[in-house]
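Counting in my numbering, the sequence shown runs from -4 upward without gaps.
Everything below concerns the one structure shown next.
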Amino acid sequence: MKKYSLTRRDFIRLGAGAAAAGVVPLRGITLLEPKPLWAASRPGGMAPSDTVRFGIIGTGVEGCSLLKETLKVPGVECVAAADLYDSRHIAAKEALGGKNIDTTREYRKILDRQDIDAVIVASPDHWHRKLVVEAAEAGKDVYCEKPMSHGVEDGLAMVEAIQKNKRMCTVGSQRVSSILYAKAKEIWDSGRLGMVDTILAAWDRNTDSGAWVYPIPPDASEKTIDWNTWLGDKPKRPYDPVRFFRWRCYKDYGAGLAGDLFVHLLSGIHHVTGTNMPPQRALSTGGLYHYKDGREFPDLLWTMYDYPDFQLVLRCNHNNNLEGEFFGFYGKKGTMLIHGSTLSFRAQAPWQQPEDYSIFGWPGKLRKEYLEQWHKEHPEPKPGEFRVGEEEEVFTPPPDYSDMADHLGNFFNSVRTRQPVVENEVFGHHTAIGCHMSNYSFFNKTAAVWDASAKKIKG
Ligand SMILES: NC(=O)c1ccc[n+]([C@@H]2O[C@H](COP(=O)([O-])OP(=O)(O)OC[C@H]3O[C@@H](n4cnc5c(N)ncnc54)[C@H](O)[C@@H]3O)[C@@H](O)[C@H]2O)c1
């Protein structure tokens, strides 16, 4: 890790007005160094025979972003893409820099190919189960987008299929592979936070796009989209481009704020804290305040979760972006915050202030003696020195860092080496259950309890 001094721009970007006022002195930002984005199965690099050939099912917004990022991962090659909307065949090729891959509407054509080792599943949530189970049964390793499941039953079936067929699986919450979250985990594991009883996290947005009001492309029609197949096992209904492009708003296909955004927060927190279980209990509240466009989910959602060792509070708001993406880990000995791509740690040092409350019941002489003694034992730091708790340590990845490329790199490395991934199907299943518990509580207006022996959410 290299140490860099704060530039004026960094200083402003970090909101260091408080530092300027002497509240939180900052000595510098540590720029985190990415790992090389590959792991060879032999010294000296990968032979062409080590190349992982993969296909992708679903080349919409996320599928195309993933394809673009795979270009940064050495030793992998996309050879085919399936999507139900023809224009997305073109978009997939463009995302790969114009590579002429095979494209089709029929995902089975990809799963039936013997020369494909792995598939990326980047369909809407209601298709994840079928695609992952069939891919595993066809002998493919799978990178499945988040949230892994559309319901608890789906997740159980997916875990079973992956394990029965001995496949590698990664779920697409890329924070788990991020060097920023690795640093947060290192701080958590070091014990520097002390006992942590409270974690807060938020993902706030205030744009129509952030609230999934995506524009509908002018060429979208029943001719260019296989609408009936897209509906899958959900109720049949006439072609509806709003549902096709804004599926996150509807219960049949997505899971609202919890499935779209809580899942990232939960994955990051589970990873940092070494948690691999669903929350024990969830209690949600919220409401639909602005985006009253027929959607079936709230645009503000709060959930309080119980875990054995800490309480977690999550919030997503579509109507104010004050916090952006934020995590706070509040420990007896320190506070760790993640704001976007910046991580900070500050020790808690309550003993640095002399007692200033209960001594008001003392006679003035004793009070004076106490304060003199305290200041003798706690001398003012020399210029340039900090007392414990006054200095903030700040970490950030380089501006061009991509955790998605790292996440894909980790997946393809596991495909090649058969070494386990961090965010495997069990981890992904557990974080998805946290999302389903949030929605269960919100819609049923009751606490949602995870019954581990029945493998069910109960009210
Ligand atoms: N990790 C992240 O940061 C991140 C970001 C955005 C989306 N996602 C996830 O990625 C997934 C896709 O989201 P999106 O925004 O790209 O959706 P999208 O609607 O833009 O794209 C999904 C595509 O899947 C295709 N599809 C659906 N069923 C199919 C089938 N049976 N066969 C072939 N193609 C099929 C659709 O035609 C569509 O083009 C979701 O699970 C979402 O939650 C993850």
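From the three backbone atoms N, C-alpha and C, an ideal C-beta is built for every residue, glycine too.
Computed from a predicted structure; not experimentally measured.
Could you name the residues that DSSP lists as bridge partners for residue i?
i    : result
Q306 : T193, D301
W198 : C311, E320
R341 : T330, E387
A113 : F49, D136
D446 : K451
Y80  : I220
I211 : Its beta-bridge partners do not exist; DSSP assigns none.
Y102 : Its beta-bridge partners do not exist; DSSP assigns none.
Short check: CB of residue i to CB of residue j, under 8 angstroms?
i    : j    : result
W222 : Y209 : no
K67  : L106 : no
L296 : F437 : yes
G227 : K125 : yes
S433 : A253 : yes
I174 : L79  : no
D326 : M190 : A small correction: the amino acid at residue 326 is Gly; Asp does not occupy that position in the sequence shown. Contact: yes.
V171 : C139 : no
A196 : I264 : yes
Q306 : T193 : yes
E350 : G335 : no
R243 : W207 : yes
D112 : V47  : yes
I340 : R162 : According to the sequence as given, residue 340 is Phe; it is not Ile. Taking 8 angstroms as the Cβ cut-off, F340 and R162 do not qualify as a contacting pair.
D120 : Y248 : yes
H425 : S144 : no
F239 : W225 : yes
A215 : P236 : yes
N439 : G454 : yes
What residue range does the beta strand (DSSP E) around residue i cover?
i    : result
T165 : 164 to 167
S279 : 276 to 282
V74  : 71 to 77
D97  : 97 to 99
Mind reading off the beta-carbon distance from residue i to residue j? Whole number of angstroms is fine, and I expect it under 8 angstroms.
i    : j    : result
N201 : N314 : 6 angstroms
A156 : V127 : 7 angstroms
A76  : H84  : 7 angstroms
K328 : E291 : So it is not a contact: roughly 44 angstroms between Cβ atoms.
H431 : G146 : 6 angstroms
V389 : A342 : Incorrect: roughly 14 angstroms between the Cβ atoms, too far for contact.
P142 : A427 : 4 angstroms
I182 : M331 : 6 angstroms
P273 : W445 : 5 angstroms
I180 : H259 : It is worth fixing the name first, because residue 180 is Lys in this sequence and not Ile. 16 angstroms between Cβ atoms; not a contact.
S397 : E64  : 6 angstroms
D45  : G70  : 6 angstroms
C311 : F257 : 7 angstroms
Which residue comes first and which comes last in the alpha helix (DSSP H) that contains residue i?
i    : result
V171 : First-last for V171: undefined, no H or E at that position.
T268 : 258 to 268
T412 : 398 to 412
M432 : 420 to 439
T54  : First-last for T54: undefined, no H or E at that position.
I157 : 147 to 159
V237 : 236 to 240
N223 : 222 to 226
K231 : Neither: K231 is in no alpha helix (DSSP H) and is coded neither H nor E.
H373 : Note, H373: premise wrong, no alpha helix (DSSP H); not H, not E.
Give a yes or no on whether 8 angstroms exceeds the smallest Cβ distance from residue i to chain B.
i    : result
G335 : Absent here is chain B; the protein component of the structure consists of one chain.
Examine ligand 3 and report whether any of its heavy atoms sits within less than 7 angstroms of the Cβ of residue i.
i    : result
D255 : Questions concerning ligand 3 fall outside what the structure shown contains, since the ligands it does hold are ligand 1.
Three or more C-beta pairs closer than 8 angstroms, one from the segment 271 to 278 and one from the segment 286 to 303: is that the case here?
yes
Check whether the segment 414 to 423 touches the segment 142 to 158, taking contact to mean three or more Cβ pairs, one atom from each stretch, closer than 8 angstroms.
yes
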